[in-house]
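Participant: I'd like to ask you about the structure that follows.
Protein chains: 2
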Amino acid sequence: MKIAIAQFNPTVGDIDGNLNKVLTVMKNTSKDKMDLIIFSELFICGYPPKDLLVKSWFINKCEVAVKKIIEFTKQNKGPGVIIGSPIRSNNNYGKGLFNSALLIGKGKIIFQYNKVLLPNYDVFDEERYFDSGEEIEVVKYKGEKLGITVCEDVWNNPKIFKGKKIYKKDPLKILSSKGATTVINISASPYSINKETMRRKIIDELISKYDFNFIYINQVGGNDELIFDGQSRVINNKKKLISIFPSLIEKVEIVDLNENEEIAYQPINKIVSIYEALIMGVKDYFLKCGFEKAVIGLSGGIDSAVTCVLAKEALGSENIIGITMPSVYSSIGSIKDSAKLAENLKIKFDIIPINVIFQQYLKSLKPMFKNLPENTAEENIQARIRGNILMGISNKFGYIVLSTGNKSELAVGYCTLYGDMSGGLSVISDLPKTLVYEVAKYINRKEEIIPNEIINKPPSAELKPDQFDQDTLPPYEILDKILHFYIEEDYSIEDIINTGIDEEVVLSTINKVIKNEYKRYQAAPGLKITEKAFGFGRRIPIAAKYF
Amino acid sequence: MKIAIAQFNPTVGDIDGNLNKVLTVMKNTSKDKMDLIIFSELFICGYPPKDLLVKSWFINKCEVAVKKIIEFTKQNKGPGVIIGSPIRSNNNYGKGLFNSALLIGKGKIIFQYNKVLLPNYDVFDEERYFDSGEEIEVVKYKGEKLGITVCEDVWNNPKIFKGKKIYKKDPLKILSSKGATTVINISASPYSINKETMRRKIIDELISKYDFNFIYINQVGGNDELIFDGQSRVINNKKKLISIFPSLIEKVEIVDLNENEEIAYQPINKIVSIYEALIMGVKDYFLKCGFEKAVIGLSGGIDSAVTCVLAKEALGSENIIGITMPSVYSSIGSIKDSAKLAENLKIKFDIIPINVIFQQYLKSLKPMFKNLPENTAEENIQARIRGNILMGISNKFGYIVLSTGNKSELAVGYCTLYGDMSGGLSVISDLPKTLVYEVAKYINRKEEIIPNEIINKPPSAELKPDQFDQDTLPPYEILDKILHFYIEEDYSIEDIINTGIDEEVVLSTINKVIKNEYKRYQAAPGLKITEKAFGFGRRIPIAAKYF
Chain X
1 MKIAIAQFNP
11 TVGDIDGNLN
21 KVLTVMKNTS
31 KDKMDLIIFS
41 ELFICGYPPK
51 DLLVKSWFIN
61 KCEVAVKKII
71 EFTKQNKGPG
81 VIIGSPIRSN
91 NNYGKGLFNS
101 ALLIGKGKII
111 FQYNKVLLPN
121 YDVFDEERYF
131 DSGEEIEVVK
141 YKGEKLGITV
151 CEDVWNNPKI
161 FKGKKIYKKD
171 PLKILSSKGA
181 TTVINISASP
191 YSINKETMRR
201 KIIDELISKY
211 DFNFIYINQV
221 GGNDELIFDG
231 QSRVINNKKK
241 LISIFPSLIE
251 KVEIVDLNEN
261 EEIAYQPINK
271 IVSIYEALIM
281 GVKDYFLKCG
291 FEKAVIGLSG
301 GIDSAVTCVL
311 AKEALGSENI
321 IGITMPSVYS
331 SIGSIKDSAK
341 LAENLKIKFD
351 IIPINVIFQQ
361 YLKSLKPMFK
371 NLPENTAEEN
381 IQARIRGNIL
391 MGISNKFGYI
401 VLSTGNKSEL
411 AVGYCTLYGD
421 MSGGLSVISD
431 LPKTLVYEVA
441 KYINRKEEII
451 PNEIINKPPS
461 AELKPDQFDQ
471 DTLPPYEILD
481 KILHFYIEED
491 YSIEDIINTG
501 IDEEVVLSTI
511 NKVIKNEYKR
521 YQAAPGLKIT
531 EKAFGFGRRI
541 PIAAKYF
Chain Y
1001 MKIAIAQFNP
1011 TVGDIDGNLN
1021 KVLTVMKNTS
1031 KDKMDLIIFS
1041 ELFICGYPPK
1051 DLLVKSWFIN
1061 KCEVAVKKII
1071 EFTKQNKGPG
1081 VIIGSPIRSN
1091 NNYGKGLFNS
1101 ALLIGKGKII
1111 FQYNKVLLPN
1121 YDVFDEERYF
1131 DSGEEIEVVK
1141 YKGEKLGITV
1151 CEDVWNNPKI
1161 FKGKKIYKKD
1171 PLKILSSKGA
1181 TTVINISASP
1191 YSINKETMRR
1201 KIIDELISKY
1211 DFNFIYINQV
1221 GGNDELIFDG
1231 QSRVINNKKK
1241 LISIFPSLIE
1251 KVEIVDLNEN
1261 EEIAYQPINK
1271 IVSIYEALIM
1281 GVKDYFLKCG
1291 FEKAVIGLSG
1301 GIDSAVTCVL
1311 AKEALGSENI
1321 IGITMPSVYS
1331 SIGSIKDSAK
1341 LAENLKIKFD
1351 IIPINVIFQQ
1361 YLKSLKPMFK
1371 NLPENTAEEN
1381 IQARIRGNIL
1391 MGISNKFGYI
1401 VLSTGNKSEL
1411 AVGYCTLYGD
1421 MSGGLSVISD
1431 LPKTLVYEVA
1441 KYINRKEEII
1451 PNEIINKPPS
1461 AELKPDQFDQ
1471 DTLPPYEILD
1481 KILHFYIEED
1491 YSIEDIINTG
1501 IDEEVVLSTI
1511 NKVIKNEYKR
1521 YQAAPGLKIT
1531 EKAFGFGRRI
1541 PIAAKYF
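Taken in order, these protein sequences are the chains called X and Y.
Under the numbering used here, the first residue of the first sequence carries the number 1, and numbering increases by one thereafter.
Under the numbering used here, the first residue of the second sequence carries the number 1001, and numbering increases by one thereafter.
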């Protein structure tokens, strides 16, 4: 079989645009004597469509698009198409919708497979929208027995779920028992640091168990918090990897299942993959929101520097403006370092000092604050002045503010709501501080893009005299360990202490994490790169007591 | 049977505190020769515990609490207890957790029922955490055949779901066929405007169909966005309402199923129910977050006035401070009206003008803004100055800022992110503007609490000269209709136009709703009172294209 695999970047909700991509591939490959063209999961509406799926008019629009594809295969007499779309169910109970993979050809739907295993954890809400498919059948097509599956259907492996077997059914086992010669898996599987290693392990395992050709198609692109990395691939029934698609890049490739030349698997370095995923995340957020330019507050610290580099790579130097907003507590070094960064990146750069505005706030608040000692209130006022200035520029010129906070500070609330937390997108909010340093080093691998002074100075919020992060926080190596255990691994406090970290440090850290849920509730969407990011996939009550 | 029904207000996560409430009732009723004491759904951990349920240590703590109740029934030889708790499953697949109702007595778990129908729509995520129970059995207890159910189990009625039958199983039908003489439903069913009418309709229907006694126990209290209204009730097998609990109030009542005196059902007026629910929502948010005092920006408009009255009712005059922050565009009337409101409410009141600060921003931004005409950028800067002042006061004195925006303006983005949207809790964010007026009228039912000037003046943001809401928005009666159709009823644009509203008005309104998803993503949690509130129960992508 000769198959065109379309690893594409759909826009959520843009049914016309996504359909156009489908029809264009169908036209362009018509002369290639293909047997099949394959698109990814829910390609018609983009993934994840979230609550657009509960709107009847939205499903109607998807159905119209499917009809247009059917129509096209009638006129064209070309190859069959496998594509994902939400399809209404005929059952007289249930949510009334399936997450389906359709095999379309010769003017009709030849076969419909409805996703059986519906992920409903972390960022996934599929049981909110879909009924689970009940039939798992193969379909004869051009001499093959195709087993068509959708994403999670092939991931019924306890290794993914910390040893837990969360699904009863195993579609692969059933398809194999029914004689599937080729299994196709259309996916929308978002990037996270260890995802590709996990994917490879699981695919290796299933390939070792079964004798079918295995075709895996994943979408690419950023959709709000999620970044889809593609890396679609084909492994033939001789267990040879005969095609692997690039990470994060749209591509249509024609694969012949009879091809026998094995391709060497090239794992991508972890830091490189993070770096490139974040750039894609920024790029698509702007593109899909209809914006071009970003404004970033440059503090002279490493977080804003890394954010700025990523934004420049995503949007181009000409579309970035860096603003440094020194207060009396800002070191001269910070301003100089920010200016140097801007120069290195060839971005527009401006200085807007905040002290006069700050003094005016203090004067206006004096009748209320009286002679109370300065504390975080005054620190936050400065951060919020900066937020207001950036948002003012954003509103005036139509830029998006990029928020620069990292995961460690967001976790313990070492950030100001409506201040430095302001922004349309939070670029590195899922990177613990220690990881931010690693990315910075990678950025500087060839030349000094981020001034070394920024990387080497001790981290400081510069909101009061001689302030350093480590005055109030444990060293980042320890902090990040605690946070990893608590947030990503769901360890209990006792278990964390049992790893050997000082009890008092653990307790005060977890206390801060819990106390700052309210800030994160109002945080900008942040690009997800770990197994557990703050935001949509982590749902913690605020008015609660569990510490 | 003599049954004590505990309509209580658990705190989410506070397992020790909730357990204490249980043990106290068990002690206090021990002399009353009870047969049974009943608590609400997931009472051990409070509802909704959200992602605390995926933490193994949290489930362990719930299990310990259950063991303490078991222990207590052993020592006490008192009545049995029915209570909700998350309980691990023994299945070797699935999520591994049930939402269970336990019948505990004589030192053991006599019977365990696992919730079968798991709501997974709107604010409910139960399929994220729980496996559906598979057995639906009655249990013989003190001469009765008890059918124990959990919340949604008795709501398998298409009337709730716009005619859709979303569940296949009907636990009530099965329990009835197995001879249940008394059905107990332990619930955590949040308030919304029409919920009680719906509840009554559904209960009437099931009572007309079946011949058992029906005992419904609901929790009370506010938990973040959700307000639980209680209204627990008992209907005997002669179809007589023999007990109904008050709305929103904690109460333990002893009910005898042999009691035959019918109680008159007193429906609560819609506006009264909203008013009281919101007060409960504010009160519990503060209590459960560990705060006492609120600061509110008083603009002289109706939204901040209504918010202020509700806060005063929830927290007491002595715990509220109103701040008016006039700009050059504020009318003298607005300041006077706010002062009068504060006087009427006997709350602390202060005036902090923002113009000097605003001028300083303009001066600082002049090198960037140059001579560009003033627009929303300058308007938003003023709103954000106010946000900064309120947050400064909040940080200095440990108050929570209450956000005052209504649903209509939040829908179309007629509000400033990090400006008037700032706050720990949004009190009236689920009230369309037209409903805000109705609540204001109710507040003034006996005397002028909100100055009539505030109610009668045309709504204005007062962010530029002679600005009125209706310069850029359609009349609120029309706006609220469009928003209701689009947000609550999921109408398509065509369907809304077909109701007879001007096409251009519909299009520009929906366009605004979609464009402002990004603001709402970062909005404070808001108290839910309609079928579809912004926030947790409405999940819409931002970087998307569907208009």
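By construction, the Cβ of each residue, glycine as well, lies at the ideal position given by its N, Cα and C atoms.
Pick out whichever of X/N99, X/I186 and X/V150 has its Cα sitting closest to the Cα of X/F130.
Facilitator: As a first step, residue 130 of chain X is located in the first sequence; it is residue number 130 there, counting from the start. Of X/N99, X/I186 and X/V150, the residue nearest in Cα terms is X/N99.
Participant: One question on the structure: do X/L551 and X/Y210 come within less than 8 angstroms of each other, judged by their Cβ atoms?
Facilitator: This structure cannot speak to residue 551 of chain X, because chain X is shown only from 1 to 547.
Participant: Is DSSP giving Y/I1493 helix, strand or coil here?
Facilitator: Within the second sequence, the letter at position 493 stands for residue 1493 of chain Y. DSSP places Y/I1493 in helix when its eight states are reduced to three.
Participant: Only counting the same chain, and skipping five residues up and downstream in sequence, which positions put a Cβ closer than 6 angstroms to that of Y/A1006?
Facilitator: Your numbering for residue 1006 of chain Y matches position 6 in the second sequence. Around Y/A1006: V1025, F1039 and V1252.
Participant: Since Y/F1214 is in the beta strand (DSSP E), which residue starts that stretch and which ends it?
Facilitator: The count along the second sequence starts at 1 and reaches residue 1214 of chain Y at position 214. Taken as a continuous stretch (DSSP letters only), the beta strand (DSSP E) holding Y/F1214 covers N1213 to N1218.
Participant: Since X/G107 meets chain Y, which of its residues come closer than 8 angstroms, beta carbon to beta carbon?
Facilitator: Here residue 107 of chain X is taken as the residue at index 107 of the first sequence, counted from 1. Those do not exist, as X/G107 stays about 28 angstroms from chain Y at its closest Cβ, beyond 8 angstroms.
Participant: Could you tell me which chain X residues have their CB closer than 8 angstroms to the CB of Y/C1289, listed as they occur along the chain?
Facilitator: Indexing the second sequence from 1 puts residue 1289 of chain Y at position 289. In chain order: Y518, I542 and A543.
Participant: Quick one: what's got a C-beta closer than 6 angstroms to X/N406's C-beta in the same chain, skipping five residues either side?
Facilitator: Reading the first sequence from its first residue, position 406 is the one you call residue 406 of chain X. Closer than 6 angstroms at Cβ, skipping near neighbours: D303, I428, L431, K433 and V436.
Participant: Does the beta-carbon distance from X/T509 to X/L479 come in below 8 angstroms?
Facilitator: On the first sequence, residue 509 of chain X is found 509 positions in, with the first residue counted as 1. On the first sequence, residue 479 of chain X is found 479 positions in, with the first residue counted as 1. Yes.
Participant: Does any CB atom of chain Y fall closer than 8 angstroms to the CB of X/K168?
Facilitator: Counting from one through the first sequence, the residue named residue 168 of chain X turns up at place 168. Residue contact with chain Y for X/K168: present (Cβ-Cβ distance below 8 angstroms to some residue of chain Y).
Participant: Leaving out the 5 sequence neighbours to the left and right, which residues in its chain are closer than 8 angstroms to X/S317 when beta-carbon positions are compared?
Facilitator: The count along the first sequence starts at 1 and reaches residue 317 of chain X at position 317. Hits under 8 angstroms: L345, K346 and I347.
Participant: Exposed or buried, what is X/N380 when buried is set at 16 or more other beta-carbons lying within 10 Å of its beta-carbon?
Facilitator: For the purposes of this step, residue 380 of chain X is taken as the residue at position 380 of the first sequence. With 16 or more Cβ atoms within 10 Å of its Cβ, X/N380 is classed as buried.
Participant: In whole angstroms, what separates the C-alpha of X/I174 from that of X/I136?
Facilitator: Taking the first residue of the first sequence as position 1, residue 174 of chain X is located at position 174. Taking the first residue of the first sequence as position 1, residue 136 of chain X is located at position 136. Each residue's Cα considered, the two are about 7 angstroms apart.
Participant: Is any beta-carbon of chain X found at less than 8 angstroms from that of Y/S1330?
Facilitator: Reading the second sequence from its first residue, position 330 is the one you call residue 1330 of chain Y. No, its Cβ sits nowhere closer than 8 angstroms to a Cβ of chain X.
Participant: Using DSSP with H/G/I as helix, E/B as strand and the rest coil, what is Y/R1233?
Facilitator: One-based indexing of the second sequence puts residue 1233 of chain Y at position 233. Of the three classes helix, strand and coil, the one that applies to Y/R1233 here is strand, per DSSP.
Participant: Spell out the partners DSSP gives Y/K1108 in its beta bridges.
Facilitator: Start at 1 with the first residue of the second sequence, and residue 1108 of chain Y comes out as number 108. Its beta-bridge partners are Y/G1105.
Participant: Rounded to whole angstroms, how far is the Cβ of Y/N1237 from the Cβ of Y/E1205, which I believe are closer than 8 angstroms?
Facilitator: In the second sequence, the residue the question calls residue 1237 of chain Y occupies position 237. In the second sequence, the residue the question calls residue 1205 of chain Y occupies position 205. Between Y/E1205 and Y/N1237 the Cβ distance is about 16 angstroms, and since that is not below 8 angstroms, they are no contact.
Participant: Using DSSP's beta-bridge definition, name the partner residues of Y/K1348.
Facilitator: Indexing the second sequence from 1 puts residue 1348 of chain Y at position 348. Bridge partners of Y/K1348: Y/I1321.
Participant: If we count the other Cβ atoms within 10 Å of its Cβ and call it buried at 16 or more, is Y/I1332 buried or exposed?
Facilitator: On the second sequence, position 332 is the one that residue 1332 of chain Y refers to. Burial check for Y/I1332: the Cβ neighbour count within 10 Å stays below 16, so the residue is exposed.
Participant: Here's the rule I'm using: 16 or more other beta-carbon atoms within 10 Å means buried, otherwise exposed. How should X/S307 be labelled?
Facilitator: Translated into the one-based positions of the first sequence, residue 307 of chain X becomes position 307. It should be noted that the sequence gives Thr, not Ser, for residue 307 of chain X. With 16 or more Cβ atoms within 10 Å of its Cβ, X/T307 is classed as buried.
Participant: Which residues, in chain order, does the segment 41-70 of chain X contribute to contact with chain Y at a C-beta distance below 9 angstroms?
Facilitator: C45, G46, P48, P49, K50, D51, L52, V54, K55, S56, W57, F58, N60 and K61
Participant: With DSSP as the reference, please indicate the residues paired to Y/K1145 in a beta bridge.
Facilitator: Along the second sequence, read from residue 1 onward, the residue named residue 1145 of chain Y stands at position 145. In DSSP, Y/K1145 forms a bridge with Y/K1140.
Participant: Assuming X/S327 and X/F291 are in contact, meaning their beta carbons sit under 8 angstroms apart, how far apart are those beta carbons, in whole angstroms?
Facilitator: In the first sequence, residue 327 of chain X corresponds to position 327, counting from 1. In the first sequence, residue 291 of chain X corresponds to position 291, counting from 1. No, X/S327 and X/F291 are not in contact; Cβ-Cβ is about 29 angstroms, not under 8 angstroms.
Participant: Can you tell me whether DSSP reads X/V255 as helix, strand or coil?
Facilitator: Position 255 of the first sequence holds residue 255 of chain X. In this structure, X/V255 counts as strand in the three-state DSSP scheme.
Participant: Is the Cβ of Y/I1389 closer than 8 angstroms to any Cβ of chain X?
Facilitator: What you label residue 1389 of chain Y is simply residue 389 of the second sequence in a count that begins at 1. Interface residue, yes.
Participant: Using DSSP's beta-bridge definition, name the partner residues of Y/P1190.
Facilitator: One-based indexing of the second sequence puts residue 1190 of chain Y at position 190. Note: Y/P1190 sits in a beta bridge opposite Y/F1228.
Participant: Give a yes or no on whether 8 angstroms exceeds the smallest Cβ distance from Y/A952 to chain X.
Facilitator: In the structure as shown, chain Y starts at 1001 and stops at 1547, and residue 952 of chain Y therefore has no counterpart that could be examined.
Participant: Just confirm the distance between the C-beta atoms of X/R88 and Y/N1120, as a whole number of angstroms; I'd bet it's less than 8 angstroms.
Facilitator: As a first step, residue 88 of chain X is located in the first sequence; it is residue number 88 there, counting from the start. As a first step, residue 1120 of chain Y is located in the second sequence; it is residue number 120 there, counting from the start. Rounded, the Cβ-Cβ distance is 18 angstroms, inconsistent with contact.
Participant: Under 8 angstroms, Cβ to Cβ, is there at least one residue of chain X near Y/L1365?
Facilitator: As a working mapping, residue 1365 of chain Y is identified with position 365 in the second sequence. For Y/L1365, the answer is yes, since a Cβ of chain X falls inside 8 angstroms of its Cβ.
Participant: Under 7 angstroms Cβ-Cβ, which residues of chain X neighbour Y/S1492?
Facilitator: As a first step, residue 1492 of chain Y must be located in the second sequence, where it is residue number 492. Annotation: Cβ neighbours of Y/S1492 in chain X (cutoff 7 angstroms, chain order): W57.
Participant: According to DSSP, what are the bridge partners of X/F98?
Facilitator: Stepping through the first sequence from its first residue, residue 98 of chain X is reached at position 98. In the DSSP output, where bridge partners are listed per residue, X/F98 has X/I87.
Participant: Do three or more CB pairs link the segment 223-232 of chain X to the segment 184-194 of chain X at distances below 8 angstroms?
Facilitator: yes
Participant: Would you kindly work out how many angstroms separate the C-alpha atoms of Y/N1516 and Y/D1035, rounded to a whole number?
Facilitator: Within the second sequence, residue 1516 of chain Y is the residue found at index 516, counting from 1. Within the second sequence, residue 1035 of chain Y is the residue found at index 35, counting from 1. If I take the Cα positions, the gap works out to 55 angstroms.
Participant: Would you identify the three-state DSSP class for Y/A1562, choosing helix, strand or coil?
Facilitator: There is no way to answer for residue 1562 of chain Y, as the model of chain Y reaches only from 1001 to 1547.
Participant: Could one say the Cβ of Y/M1280 lies closer than 8 angstroms to chain X's Cβ atoms, at least one of them?
Facilitator: Sequence index remark: in the second sequence, residue 1280 of chain Y carries index 280 (1-based). For Y/M1280, no Cβ of chain X is located within less than 8 angstroms of the residue's own Cβ.
Participant: Kindly give me the distance between the Cβ atoms of X/L549 and X/L146, rounded to whole angstroms, as I take these residues to be in contact under 8 angstroms.
Facilitator: It is not possible to answer for residue 549 of chain X, since the shown part of chain X is limited to 1 through 547.
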